[in-house]
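A short worksheet on the structure shown next.
Numbering (this note's numbering), first residue to last: 74 to 560.
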């Protein structure tokens, strides 16, 4: 019987807990952040990494789960993969894609520049490419769901001073300040916006913005409103790398019609509601299922969009492999002990092209909406994805019974991958979409494959790729596309 611990909050983990209980798990701890009776913040003593003997599986937010990675024991499982911050932070997602694919990265994510390090590169690009500049840039910080500060600068007598990372005490969430939409002419001065805080040491400044990203000014509109697509992606392991995307998902609409000329409307200076499609800022907005979007677009156009989103997803996680391999080698968790469930946000432009905007390391699985019918729709999408995640990972009681007996399931790559296919439910595998491993791991071979750097594909990765090509079951699973509603 699996002992499961450390849910981040009652609402966000309710579906996960339900799925684990149905699989035979027993909750071993992890109360919500706030005490139900008093509303007071819970003591840090309830976190799972402080109670390593009390659980078999730890499901927690990334920061707290990471603290358990160094302490993992054989047969324990953890809901994060160390090193995949290489895609789940805005700046590292961009860097991973750019360092791997070069200019081709800007066909996956909008062209982006890290601030303030690449300020000169940004200015030079705008000067050289006036016809390719959309005229608008989105300034972003590095926190998900809007929050966080930027770079700390220490003033010196010589002038600008040296940059240093913020301390934990200063690196706090700033609600409502996560985005700023600006015209190119104003962008360079806006990116130096600093945070004024009475508790800052003398001479220290916090810059708000981490990233300048070219704004997609011609989004696809439905009833004059922008929308974003949320896909759920499961990475069961990185040795070898395997990725699955679920056929359920959400289409989140902005709460107001899109007006390209209206750049501000938020009291904190953020974009107006017509420009924003994320759940945090439109939690009671209109929501569709992927099947409804497919019905609206038509199955042919939807199929093209689906496959493009799948290719971008596979490229993003493949690009994270170099950094992920470094971190995993340092942390050295037990084999097959780490998995992660992600939420990927795409914007679709007027031509039907998807743009990957964000990879959420701890996607919200709450079911909340002011309209009961919409809440039911959200549940109908989130619950199958959550249930299928638990099934694909093989988190039933028998897995942990084997562990208690000192035995492990067969983890040989093709055999285990075939079992995952049988357990996948609505998940679709994306292994065939990874960049093809070149004959060798040299920079020259990588360049011949269209990559700027070699990807650390292991012998197991290569064997798994061969199996994908030979397996009819895999090919059938990989060909699945969410079907339009009513078909």
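Ideal placement from N, C-alpha and C gives every residue a C-beta, glycine not left out.
Among the candidates 360, 170, 212, whose CA atom is the shortest distance from the CA of residue 261?
The residue with the shortest Cα to Cα distance from residue 261 is 212.
Taking the beta carbon of residue 425 as the centre, do at least 16 other beta carbons fall within 10 Å, making it buried, or is it exposed?
Residue environment: residue 425 is assigned as exposed (fewer than 16 neighbouring CB atoms within 10 Å of its CB, all protein chains considered).
Shorter than 8 Å from the beta carbon of residue 503 to some beta carbon of chain C?
Structure shown: chain C not included; a single protein chain is present.
Would you kindly check if the distance between the Cβ of residue 440 and the Cβ of residue 302 is under 8 Å?
The criterion of a C-beta distance shorter than 8 Å is not satisfied by residue 302 and residue 440.
Quick check on DSSP: helix, strand or coil for residue 154?
Coil at residue 154, not helix or strand.
Flag this pair as yes or no: are the beta carbons of residue 317 and residue 146 separated by less than 8 Å?
For residue 317 and residue 146, no; Cβs fall outside 8 Å.
As a quick exercise: from 492, 383, 532, pick the residue whose alpha carbon is nearest that of residue 544.
Of 492, 383, 532, the smallest CA-CA separation from residue 544 is found for 492.
Alpha carbon to alpha carbon, what distance is there between residue 334 and residue 323?
Rounded to whole angstroms, residue 323 to residue 334 spans 27 Å at the Cα level.
Residue 412 beta carbon less than 8 Å from that of residue 534:
No. Outside cutoff.
Residues sharing a beta bridge with residue 443, DSSP:
In the DSSP assignment, residue 443 is bridged to no other residue.
I'd like the ranges of any beta strand (DSSP E) spanning at least 3 consecutive residues and lying wholly in the region 490-514.
Contiguous beta strand (DSSP E) elements confined to the region 490-514 occur at 500-502, taking only those with 3 or more residues.
Using the three-state DSSP reduction, which class does residue 455 fall into: helix, strand or coil?
Residue state for residue 455 is assigned as helix, using DSSP reduced to three classes.
Suppose you measure from the CA of residue 92 to the CA of residue 499; what does that come to, to the nearest Å?
Between residue 92 and residue 499, the C-alpha separation is close to 15 Å.
So, does the region 372-388 touch the region 127-138, judging by three or more C-beta pairs under 8 Å?
The region 372-388, when compared against the region 127-138, does not touch it at the 8 Å Cβ threshold.
Quick one: residues in its chain with C-beta nearer than 7 Å to the C-beta of residue 210, no 5 flanking neighbours on either side, listed in chain order?
Around residue 210, the same chain offers 255, 257, 260, 285, 286, 287, 288 as residues with beta carbons nearer than 7 Å, after the five sequence neighbours per side are excluded.
Which residues does DSSP list as the beta-bridge partners of residue 335?
Answer is none; residue 335 lacks a bridge partner.
Enumerate in chain order the residues of its own chain whose CB-to-CB distance from residue 462 is below 6 Å, with the five nearest sequence positions on each side excluded.
Residues 307, 414 of the same chain have their beta carbon placed closer than 6 Å to that of residue 462, with the five preceding and five following residues left out of the count.
Would you report the Cα separation of residue 266 and residue 274, rounded to the nearest angstrom?
For residue 266 and residue 274, the distance between alpha carbons rounds to 18 Å.
Quick check: what's the CA-CA separation for residue 556 versus residue 522?
Straight-line Cα distance between these residues: approximately 34 Å.
Taking residue 538 and residue 508 to be in contact with their CB atoms under 8 Å, please state how far apart those CB atoms are, rounded to whole angstroms.
Between residue 508 and residue 538 the Cβ distance is about 11 Å, and since that is not below 8 Å, they are no contact.
Counting pairs of Cβ atoms below 8 Å between the region 168-180 and the region 385-393, do you hit three or more?
Taking 8 Å as the limit for Cβ pairs, the verdict is that the region 385-393 does touch the region 168-180.
Given residue 184, which residues of its chain have a CB within under 8 Å of its CB, disregarding the five upstream and five downstream residues?
Within the same chain, 198, 286, 287 come within 8 Å of residue 184 by CB-CB distance, once the 5 residues on both sides are set aside.
Below 8 Å on the Cβ atoms is my guess for residue 304 versus residue 417; work out the distance and round it to an integer in Å.
Residue 304 to residue 417, Cβ: 5 Å. Contact.
Using a Cβ-Cβ cut-off of 6 Å (strictly less than) and excluding sequence neighbours within five positions of residue 458, which residues of its own chain qualify?
Closer than 6 Å at Cβ, skipping near neighbours: 305, 319, 321.
Could you check which residue in 423, 452, 547 has the C-alpha nearest to that of residue 437?
Considering only alpha carbons, the answer is 452.
Distance, Cα to Cα, residue 530 vs residue 195?
Each residue's CA atom was taken as its position, placing residue 530 and residue 195 some 33 Å apart.
Which residue marks the beginning of the beta strand (DSSP E) containing residue 431, and which one marks its end?
427-433 is the extent of the beta strand (DSSP E) around residue 431.
Express the C-alpha separation of residue 97 and residue 161 in angstroms, rounding to a whole number.
Using only the alpha carbons, I get a separation of about 31 Å.
Residue 303 bridges to which residues according to DSSP?
Under DSSP, the beta-bridge partners assigned to residue 303 are 323, 418.
Confirm, please, whether the CB-CB distance from residue 446 to residue 502 is below 8 Å.
Note that the C-beta distance between residue 502 and residue 446 is not below 8 Å.
Distance between residue 344 and residue 252 (C-alpha atoms, nearest Å):
Rounded to the nearest angstrom, the gap between the Cα atoms of residue 252 and residue 344 is 7 Å.
Identity of the residues DSSP links to residue 413 by a beta bridge
According to DSSP, residue 413 bridges with 308.
For the alpha helix (DSSP H) that contains residue 287, what are its first and last residues?
Counting along the chain, residue 287 falls outside any alpha helix (DSSP H), though it belongs to the beta strand (DSSP E) covering 284-287.
State the Cα-Cα distance for the pair residue 388 and residue 505, rounded to the nearest angstrom.
Going by the C-alpha atoms only, they are around 11 Å apart.
Just to confirm, is the Cβ distance from residue 442 to residue 351 under 8 Å?
The criterion of a C-beta distance shorter than 8 Å is not satisfied by residue 442 and residue 351.
As assigned by DSSP and simplified to three states, the class of residue 280:
In the three-state reduction of the DSSP assignment, residue 280 falls in the strand class.
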